[in-house]
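Protein chains in written order, with this note's numbering: chain A, 1 to 450; chain B, 10001 to 11054. Step one of this worksheet: look at the structure below.
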Amino acid sequence: MWKEIGDREMGKIRPNSFSSQIKSNRISNLQLSNNKDIVSPHRGSINSLQVDLTEGRYLLSGASDASAAVYDIQRPTNYEGNGLIAKHKCLFSVDKQHGKGHKYAISSAIWYPVDTGLFVTGSYDHYIKVWDTNSTQVVMNFKMPGKVYRTVMSPLATSHMLIAAGTEDVQVRLCDIASGAFAHTLSGHRDGVMAVEWSTSSEWALITGGCDGAIRFWDIRRAGCFLVLDQSQSQLGWRPPVLARSAANKVSVSKSLSAGQNSLGKPRAPQKKYANGHGVKQSTIGRVPAKSSARQRLHPGMLSIQDRATAHYGAVTGLKVTDDGMYLLSAGSDSRIKLWDLESGYNTLVNFEMVRLQTSKAIQLAISQETAQVFVPCMTVVKAFDIWSGKMSLAFHGHYESVNCCWFSSQDQELYTGGNDRQILVWSPCEPITDDMDAGHTKDQDNWSD
Amino acid sequence: MSVWNYVVTAHKPTNVTHSCVGNFTSPQELNLIVAKCTRIEISLLTQQGLQPMLDVPIYGRIATLELFRPHGETQDFLFISTERYKLCVLQWDAETSELITRAMGDVSDRIGRPTDNGQIGIIDPDCRLIGLHLYDGLFKVIPFDNRGQLKEAFNIRLEELQVLDIKFLYGCLKPTIVVLYQDNKDARHVKTYEVALKEKDFVEGPWSQNNLDNGADLLIPVPPPLCGVLIIGEETIVYCSANAFKAIPIKPSITKAYGRVDADGSRYLLGDHAGLLHLLVITHEKEKVTGLKIELLGETSIASTISYLDNAFVFIGSSYGDSQLIKLNLQPDAKGSFVEVLDTYVNLGPIVDFCVVDLERQGQGQVVTCSGAYKDGSLRIVRNGIGINEQASVELQGIKGMWSLRSSTDDPFDTFLVVSFISETRILAMNLEDVLEETEIDGFNSQVQTLFCHDVVYNQLVQVTSSSVRLVSSISRELWDEWSAPSGYSINVATANATQILLATGGGHLVYLEFGDGKLAEVKHAQLEYEISCLDINPIGENPNSSQLAAIGMWTDISVRIFSLPHLNLITKEQLGGEIIPRSISYLLCALGDGHLLNFQLNLSSGELTDRKKVSLGTQPITLRTFSSKNSTHVFAASDRPTVIYSSNKKLLYSNVNLKEVSHMCPFNSAAFPDSLAIAKEGELTIGTIDDIQKLHIRTIPLGEHARRICHQEQSRTFAICSLKTQSSADESEMHLIRLMDDQTFDFISTYPLDTFEYGCSILSCSFSDDTNVYYCVGTAYVLPEENEPTKGRILVFVVEDGKLQLIAEKETKGAVYSLNAFNGKLLAAINQKIQLYKWMLREDGTRELQSECGHHGHILALYVQTRGDFIVVGDLMKSISLLIYKHEEGAIEERARDYNANWMSAVEILDDDIYLGAENNFNLFTVRKNSEGTTDEERGRLEVVGEYHLGEFVNRFRHGSLVMRSPDSDYIFLEKLQSSLRKVIKGVGGLSHEQWRSFNNEKRTAEAKNFLDGDLIESFLDLSRGKMEEISKAVNVSVEELSKRVEELTRLH
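In structure tokens form, the structure reads like this:
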């Protein structure tokens, strides 16, 4: 560490690579925290975890006992064990006792991305509720046609306040907090939708993963979905060698006109002269698999409805877009993890080592961009895989029962996991104990699940 | 105290990051363009060397700098991109000598993660497109249209994840890039891609090469006719093209920079990490490459950029040492080096630590920095103002004037020093023993006061007294001719150059004489309406011996007039206004009796005066005198605050001279005292040399090793530094030392070597309660190769005895001691995650030891610590600032408040009881305030962010202190208004916005700067034209004069 600090002082390494080096270093040393403890008030399995996006300070959890709770992960409520173990009790929790609370399990609990004044919960009782954090009162209710599996809000959105919800129903609904009504329904899936994720590069792009095994991309300003991922479509032979290219080009040019307007790379502020807008757009669509000529006459949005391509055999149970907005990771009930190139929609064919995943429940994945790792709940263990090679780099043994959700805080380089054993565990970079007086305290805090 | 902060640059950046050579200012002129972090400097190559043309700030950290020439243009354009994703194309406007913006834009993307290895910006050799690699996995293309205009940009997906370098290949039909990258298994390869502009995609290129040297880091594209690319590794250099592959092994080295020598690309200069300069030659038969050869040329500063200028002249830009202009000789010198250093350009960076000291005890701070790195490490003593190094002095009271004279016209040195008093004139001369003694010049009248003296052509001297002008031979020293003032009139003022003399007598008579060989001829006489107060005919323009213009200051109407010579026709008249009398004029400067100085632009051909500016130099009458130093002419303004006036970058600059009061001054360049000045001050005549003319004076103490930490101990008059010495042998072993230096001579007087793997991390001079001694405390860390984070360190306590470091006590710690502070008579150390307080205990046997008292956990790494009273401010590796308090009764340290933002800190300082300043990893500054009046625990426990600002420089250390004696109070609200008006009037180079540049920016968010003022922008008010000043004056509703005065006061801050 001292060496890196010295190199940063003299400008030998750039400050941003300094921080990413240190982060990667710390992330590769993640282990069950020996000094930080989250005290879970839940009496059911933990289904959802999220740290707020503004301050990185408040953890929100949702559990099967219809309760949700908020913890301050920066400031402990008290200390135990000679002041060495920081206890984080929940700041408040809402459960069935709350007059307007949920009746059945909360499957999803998320923060309003702009500030911590609101949070949103989705439940198996068919309701999505919006809560005022300060008064812990429900300020808005959305009645859904079936069990709510997942609710998400766009971290980028500046012009809409939409909650996208995946439910038992085949339609994905967008609930507008601004008006308190449904903004749209997105039709295309043939079964319930367990996984929903907003794009991290465009506030209009939404990705959904259904129990029908399909992953669909929507531009919420337009009808229909604009891309359906196909597990058989890979990037092999994507860039033809010089000699072969003239033939290949013709194909791609004609294709690029087919599905036209939608893309993830939205041009942003118009004053940006060299914004990437059109470039990305056209090259994105340029590689969408060719459709038969008969279909091309249809409305591009309608056309995609007929696309029955699948991303997984079985249900799609988890989705996560990388922070840079260029790749998507999906998990399916076929116990596969797949990495997709978002620009082209190709299956990258990265071979993730065999895992066993929960099949009946949505799982929440987490990504560490610095180290290019994805954290996947694999039954009772959380495993970290290298995104590019698919190799498992770390395994986190700690939960007694299946893990449902994980959240990675890049700011603190900490991983939070919640499972059916009703525990929320904190995994943090191991810290050598430097105190002169405290030898022997920590042994009993070690990985106690093995 | 106010929450406002005024940030101003005392010394411009000196670290050369980029450089390029081309025909930028005109098709015939060859320019060197140098980027120094946030500035670019354009200079012209002349016979005499590099001549500066323009030095401008860029509102951004320069990430890439390239010259290119679009089709149909006769000179080059400059392409710049900044680290905050702005880019601009600049063109030289020969008429105004300014930069015009051809194009500008923002190339940031929402998707993508910024590259770790820095940005790459390259231009196709055939000018078809600009290529940018800014984010991992993306290659941005900005195509040119047929007229050389930029078209809309697009991104191409780059599948190689870890890109090390990208270059365009020469001689390809379609624009083709070559990519050097590292794969998942850490092997390195190159690959080529053609850019298909129409399809906006890549097509596999003509060739690729797998499994290169593991240290391959740099690509050099080879121009036609050879084409292809050179791949520079740590152990091999490879030439690669579609049909050839040649490799040679080299001595292990990391090549940092290259410069192409020939246009055909057969020779290259390579600069490595140890500062060795190599010549790489591609041997070829016609267009077929036959091999590579490499030859060591010699040693330079560690190069960050190399630009081959012309005729074996090379510019070496350095980030770690001084930049250099070198010449490559055909024959090696005695040491076998082909490198001859012609000029060096001071570089203070990287400053890893510094201390503010008052060595002369004058109340004026000096900064001693740990500068440079590796072999170019040095200490630099930076102080404000220009020093006079006294060589000799004589006690002489009542000096009224001084002039130096030569013994013959061709003599390069001055011999005589004429010193005039109220009723006599004395002549001093250098005798054969180089001692100044009184002498006689027979032809001079020494019984009266001398008004003026000068050397005259044909080996003559002239003396002007109130009654006559005496022309004297400088060889025989006899009077040759004399012109007497008409009876009843006496000469009041006179001035002369080598061929002309102008004098004024009472009654407004102006007489113009010319010197002949042994003769004085009255050429012209004029009668003016008022008495004349001062005159000047200093030659300006082509002829160094005579002037076409005369400047004349008048009493009564207080005006300055420009007359033509020899006809004495009035050209311009300028009213100076006020009740002050012009006393002394040197071409465009006009000094007033109340210490003010007016300056004008003087048009040489027409004699017109424009651009009037007024500055205040002191309160006493000023006398002006020109002198030259280092081939340029400066003006010395003698008054109660002596100042040197000089011009740089097309504007006049004023530098304080570090002397109290000077009544007269004249240059005195004698053989014994070359380039000296004779200075009359407070009853004393001093002869001394003057420092280089610049505002801040920098003295360099080369160490040959890398100083990392410094501190000063006043009691022992020593500095102690932690330094590391790199063994010159190839195995790169390092030695870490604690050095003691004398604070006057800067000699090493004692050295304490640290253990193997032990690094010095912090150093402090302090004393403890119940002990009168002053100690040096040093914190160390054992940095073991297998450990991520040090788990062991030491605190060493030294006392200086007989000029030696004596180890008094040592205490082992469980981690690196990142910081040490004196705290309530105890020692506060930051050790890894912990803050630890140590008591200084007396043992029974009379020896002393450090004993730990209490500590505080809960940091990721406590890197930077400052204390004030019982408060401790900690800057964490990644968790911003926290405030701790020491509770005496409980003997415990507790957290009081913290800032919950995730700032990666690089320095902290306490501004006052409530406000703390921090610098973070993304070149930002911010201030936080303690909120003791908060109503809830939550509020009290949170440090409120009150100020944010993008500095654009990486801050390693804050220290309290000042380079000047006093600092004025400022009205920040007014200054903010002024700043926002200036933003509208001053356009950033390349159309970059000042507001955006100064906005706080990190990975998570961007926020407008608040409670910080950019002093550099505010002070640039003084450089504006009158028209623009008036525009601003209107906007802020304050007169131009008042504005100038207030801004000038601010410039005195530094």
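Beta carbons: idealized from backbone N, C-alpha and C, even for Gly. Computed from a predicted structure; not experimentally measured.
Check                                                                                                                                                                                      : Outcome
From what residue to what residue does the beta strand (DSSP E) around Pro377 (chain A) run?                                                                                               : 373 to 378
Output yes or no for whether 8 Å exceeds the beta carbon distance between Leu10279 (chain B) and Phe10668 (chain B).                                                                       : no
Going straight from the alpha carbon of Ile215 (chain A) to that of Phe226 (chain A), what length do you get?                                                                              : 11 Å
Express the C-alpha separation of Ser10420 (chain B) and Phe10444 (chain B) in angstroms, rounding to a whole number.                                                                      : 12 Å
Start and end of the beta strand (DSSP E) containing Thr10344 (chain B)?                                                                                                                   : 10339 to 10345
List, in order along the chain, the chain B residues whose C-beta lies closer than 8 Å to that of Ser17 (chain A)?                                                                         : Asp10116, Asn10117
Would you list, in chain order, the members of the stretch 10737 to 10761 of chain B that have their beta-carbon closer than 8 Å to a beta-carbon of chain A?                              : Tyr10759, Cys10761
Ala10671 (chain B): buried (16+ other C-beta within 10 angstroms of its C-beta) or exposed?                                                                                                : exposed
Taking a cut of 7 Å between CB atoms, which residues from the stretch 10773 to 10798 of chain B lie near chain A?                                                                          : Ala10781, Val10783, Asn10788, Glu10789, Pro10790, Thr10791
For the stretch 10683 to 10704 of chain B, which residues have a beta carbon sitting closer than 9 Å to at least one beta carbon of chain A?                                               : none
Got a sec, what are the start and stop residues for the beta strand (DSSP E) Gly166 (chain A) sits in?                                                                                     : 162 to 167
Residues of chain A with a CB under 7 Å from the CB of Ser10319 (chain B): which are they?                                                                                                 : Gly11
So, is the C-beta of Arg221 (chain A) closer than 8 Å to a C-beta in chain B?                                                                                                              : no
Verify the CB distance criterion: does Arg356 (chain A) have a CB-CB separation below 8 Å to chain D?                                                                                      : Given the protein chain composition of this structure (A and B), no chain D is represented.
Using alpha carbons as the reference points, say which of B:Gly10131, B:Ile10540, B:Arg10110 lies closest to Ile10120 (chain B).                                                           : B:Gly10131
May I ask you to list, following chain order, the residues of the stretch 337 to 353 of chain A that have a beta carbon less than 9 Å from some beta carbon of chain B?                    : Asp341, Leu342, Glu343, Ser344
Note down the Cα distance separating Arg10084 (chain B) from Gly10349 (chain B), rounded to an integer number of angstroms.                                                                : 22 Å
Does the count of Cβ pairs from the stretch 10948 to 10960 of chain B and the stretch 10973 to 10983 of chain B closer than 8 Å reach three?                                               : no
Between which residues of its own chain and Ala10550 (chain B) is the CB-CB distance below 6 Å, once the five residues before and five after are set aside?                                : Leu10502, Ile10537, Phe10563, Leu10565
Should Asp10455 (chain B) be labelled buried (16 or more other beta-carbon atoms within 10 Å of its own) or exposed?                                                                       : buried
Counting only C-beta atoms, is Gln9951 (chain B) closer than 8 Å to chain A at any point?                                                                                                  : The structure shown does not extend to residue 9951 (chain B), since chain B spans only 10001 to 11054, so no value can be given for it.
Please classify Ile22 (chain A): does DSSP put it in a helix, a strand, or coil?                                                                                                           : helix
So the candidates are B:Asp10611, B:Leu10570, B:Thr10619; which of them puts its Cα closest to the Cα of Ala10591 (chain B)?                                                               : B:Thr10619
Taking all protein chains shown into account, do 16 or more other C-beta atoms lie within 10 angstroms of the C-beta of Asp10262 (chain B), making it buried, or fewer, making it exposed? : exposed
Step through the CB atoms of chain A and report whether any lies within less than 8 Å of the CB of Ala10373 (chain B).                                                                     : yes
Please confirm whether Glu55 (chain A) has its beta-carbon closer than 8 Å to some beta-carbon of chain B.                                                                                 : yes
Residues in the same chain with beta-carbon distance under 7 Å from Lys10930 (chain B), minus the five sequence neighbours each way, listed in chain order, please.                        : Leu10883, Ala10897, Asp10914, Leu10943
When you compare only the Cα positions, how much space is there between Glu10285 (chain B) and Leu10226 (chain B)?                                                                         : 10 Å
Just list the residues that DSSP pairs Val10462 (chain B) with in beta bridges.                                                                                                            : B:His10454, B:Leu10471
Any contact of the stretch 10026 to 10040 of chain B with the stretch 10051 to 10066 of chain B, i.e. 3+ C-beta pairs under 8 Å?                                                           : yes
Taking the alpha-carbon of Asp10675 (chain B) as reference, which of B:His10697, B:Val10662, B:Gln10713, B:His10634 has the nearest alpha-carbon?                                          : B:His10634
Per the DSSP calculation, Met10104 (chain B) is bridged to which residue(s)?                                                                                                               : B:Cys10088
Give the interface partners of Ile10111 (chain B) over in chain A, defined as CB-CB distance under 7 Å, in chain order.                                                                    : Ser201, Gly265, Asp324, Gly325, Met326
Do you know offhand how far Thr11006 (chain B)'s Cα is from Phe11000 (chain B)'s?                                                                                                          : 5 Å
Among A:Asn141, A:Ala165, A:Val138, A:Ser159, whose alpha-carbon lies nearest the alpha-carbon of Arg150 (chain A)?                                                                        : A:Ala165
Using 10 angstroms around the beta-carbon of Arg10843 (chain B), count the other beta-carbons present and answer buried if the total reaches 16, otherwise exposed.                        : exposed
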